[in-house]
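Numbering (our numbering) for the sequence shown: 112 to 521.
The beta carbon of each residue, even a glycine, is placed where N, CA and C say it ideally should be.
This one's a predicted model, so the numbers in the text were calculated from it and none came from an experiment.
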Amino acid sequence: MSFSKGQKRKIFFIDQTSEQDHHMVFNASMIKMLQNIYNESIDYFGIESNKISVFELLSAKQIKKIVFHELIYTEPVKNTTVFKLINYLKKEKKRYLSFNNILKNSNTNDIIFLSITTFTSFLLFKFLKLKYSCKVVAFLHGDIDFLYNSNSVFEKLNKLAHQLIFKIQADNFHYCVLNKIARKLLIKDGYLNAEELMHINHPVEVVNKDFENQRSKNKLYVGHIGSLEFKRKHSHLFYKLASHFDKQIKLNTISFNAIGLSTPSMIPYKNECVDDLVGNESPAQPKYLDRTTFENELLKLHFAIFFYPTNEYVFRASGAVTDAIALGIPIIALKHPYFNYLFSQGDDIGYLCDTYEDVLILIDTLIKTNVLQSDKYKQQVSNIIKLHSIFTLDYVGADLKQQFLDRKLI
112 MSFSKGQKRK
122 IFFIDQTSEQ
132 DHHMVFNASM
142 IKMLQNIYNE
152 SIDYFGIESN
162 KISVFELLSA
172 KQIKKIVFHE
182 LIYTEPVKNT
192 TVFKLINYLK
202 KEKKRYLSFN
212 NILKNSNTND
222 IIFLSITTFT
232 SFLLFKFLKL
242 KYSCKVVAFL
252 HGDIDFLYNS
262 NSVFEKLNKL
272 AHQLIFKIQA
282 DNFHYCVLNK
292 IARKLLIKDG
302 YLNAEELMHI
312 NHPVEVVNKD
322 FENQRSKNKL
332 YVGHIGSLEF
342 KRKHSHLFYK
352 LASHFDKQIK
362 LNTISFNAIG
372 LSTPSMIPYK
382 NECVDDLVGN
392 ESPAQPKYLD
402 RTTFENELLK
412 LHFAIFFYPT
422 NEYVFRASGA
432 VTDAIALGIP
442 IIALKHPYFN
452 YLFSQGDDIG
462 YLCDTYEDVL
472 ILIDTLIKTN
482 VLQSDKYKQQ
492 VSNIIKLHSI
502 FTLDYVGADL
512 KQQFLDRKLI
């Protein structure tokens, strides 16, 4: 790949690690918004399987304005720690060479949008950028959590890497967090300044809006959306909650559904009270449902339940939450900075609870009062549909464009 100096501005979008459906919604949404903002073609660097998923959400016209550059990685020779480490280093070399080639052939007018890479490659990229004048916007997806909450050796290394990344002063380098609560905290704590750090709501665009016709009028459907994880999401509490309503499940008055992907951390907690609708090939092999099936299953839910710990998903976006909002599903959650924000924006969009026990009492009450026929529930659905307006591509795109203009990125 080579680019001639003096050519018109080029727009790069880079995701070096996502495979299959991982981050497909975000990547597709960002590509659409960038095409609208710049009205130019985009050089998209990524893995083929993820490109296929992303392209499913793009129109033929949008795809024509993309030049795709495939990143091909090796697989470990053997499934052992040593060979996995060797292969990781090989992949890091591939990522480094890709970054180096892009930067080497860039000019002052070019803009690189870095979506996802490893934290080690991110650090290398920041060092490389010191030599080049092109503009960069790096989206901060989740590793920022480790600045505030790191336990393992890996997490502490990740924290140190990001601290160093933020300290290295490279010209025309900006960051963007994917919710509206993280920026203020990162600036207050001195990690980044207001000029270099932007923030947007995690964009989501869902085509299927036929909410009412796919929901039962009599049986209550509650669900856990996205990846089932012990540490980050406390998903085991969903199985615990379902087991408490064993009799009501058998009486067919309520259904508990886990929809998306199940990590191995859930194996000890699984029970027959939860219908697992996941893409896993086996309990130990996490895999997402395909997007169409995922959305169709979500449309059956009356409520989405979240047990996020208060120190998780403060600095990362939750695609599961935005999916619930986009599909008009009221939320039941424990009080948490992000859910507190959503309820402040959307008013009555479900229920915020103090404890797990409060959620248990709430579900019992919802069953006994036949909430699905109530005006309150209808209002909650209406409110969350309205809340979706601040997550649409038009709204987020306009917000992002204004922040770009303020920083002379357009």
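Within the same chain, show all residues whose beta-carbon is closer than 6 angstroms to that of residue i, passing over the 5 residues directly before and after it, in chain order.
i	result
Asn-422	Asn-260
Phe-114	Interpretation of Phe-114 is limited by its pLDDT of 43, a score under 50 that renders its predicted location unreliable; no figure is taken from the coordinates.
Val-288	Leu-251, Arg-294, His-310
Tyr-488	Val-482
Ile-222	Ile-122, Lys-246
In angstroms, rounded to a whole number, what distance separates the CA positions of residue i and residue j?
i	j	result
Lys-479	Thr-364	10 angstroms
Glu-203	Phe-236	11 angstroms
Tyr-149	Leu-516	11 angstroms
Ser-226	Ser-485	43 angstroms
Lys-162	Tyr-184	15 angstroms
Asp-458	Cys-464	15 angstroms
Asn-451	Asp-154	38 angstroms
Leu-214	Asn-138	21 angstroms
Glu-406	Leu-258	33 angstroms
Asn-382	Val-264	33 angstroms
Asp-126	Lys-267	23 angstroms
Ile-443	Gln-280	42 angstroms
Gln-456	Leu-438	17 angstroms
Ser-209	Thr-228	12 angstroms
Met-560	Ile-370	For residue 560 there is no data in the structure shown, the boundaries of the chain being 112 and 521.
Phe-417	Leu-445	7 angstroms
Lys-344	Ala-272	24 angstroms
Glu-306	Asn-211	26 angstroms
Thr-404	Leu-372	12 angstroms
Lys-175	Glu-151	11 angstroms
Gln-131	Lys-342	24 angstroms
Phe-414	Ile-495	11 angstroms
Flag residue i as yes if its beta-carbon sits less than 8 angstroms from any beta-carbon of chain D, otherwise no.
i	result
Thr-480	In the structure shown, chain D does not exist; there is a single protein chain.
Which residue marks the beginning of the beta strand (DSSP E) containing residue i, and which one marks its end?
i	result
Ala-431	Ala-431 -> not in any beta strand (DSSP E); alpha helix (DSSP H) instead, spanning 430-437.
Asp-510	Asp-510 -> not in any beta strand (DSSP E); alpha helix (DSSP H) instead, spanning 504-517.
Tyr-155	153-157
Tyr-462	461-464
Val-178	177-181
Ile-227	222-227
Met-377	Taken as a continuous stretch (DSSP letters only), Met-377 belongs to no beta strand (DSSP E), as it is neither H nor E.
His-310	308-310
Report yes if the C-beta distance between residue i and residue j is below 8 angstroms; otherwise report no.
i	j	result
Leu-145	Phe-179	no
Arg-427	Ile-255	yes
Ile-501	Lys-512	no
Phe-349	Ile-474	no
Gly-301	Ala-431	no
Ile-436	Leu-412	no
Val-333	Ser-140	no
Phe-224	Val-248	yes
Tyr-449	Tyr-467	no
Val-470	Leu-352	yes
Leu-410	Ile-460	no
Leu-400	Val-385	no
His-335	Ser-346	yes
Thr-433	His-313	yes
Leu-331	Leu-241	no
Excluding the five sequence neighbours on either side, which residues of its own chain have a C-beta within less than 7 angstroms of the C-beta of residue i, listed in chain order?
i	result
Ala-395	Pro-375
Leu-275	Leu-234
Glu-159	Glu-181
Asn-101	Residue 101 lies beyond the stretch modelled for the chain, which goes from 112 to 521, so this question has no answer here.
Gln-491	Pro-441, Asp-459, Ile-460, Gly-461
Asn-220	Arg-120
Tyr-207	Ser-232, Leu-235
Asn-304	Ile-298
Tyr-199	none
Thr-128	Ile-227, Thr-228, Thr-229
Go to residue i, then tell me how far its alpha helix (DSSP H) extends in each direction, as first and last residue.
i	result
Phe-417	Careful: Phe-417 lies outside any alpha helix (DSSP H), inside the beta strand (DSSP E) at 414-417.
Asp-475	467-479
Ser-209	192-215
His-355	347-355
What does DSSP give as the partner residue(s) for residue i in the beta ladder?
i	result
Ile-365	Leu-331
Phe-284	Val-247
Leu-239	Paired residues: none, contrary to the question.
Glu-534	An answer regarding residue 534 cannot be provided, because it is not within the stretch 112 to 521 covered by the chain.
Gln-396	Ser-393
Phe-257	BP columns for Phe-257 are empty, so no partner.
Keeping to the same chain, check which residues put their C-beta closer than 8 angstroms to that of residue i; ignore five residues upstream and five downstream.
i	result
Ile-142	Phe-124, Ile-153, Tyr-155, Val-165, Leu-169, Gln-173, Ile-177
Val-193	none
Ile-360	Ala-353, Ser-366, Phe-367, Cys-384
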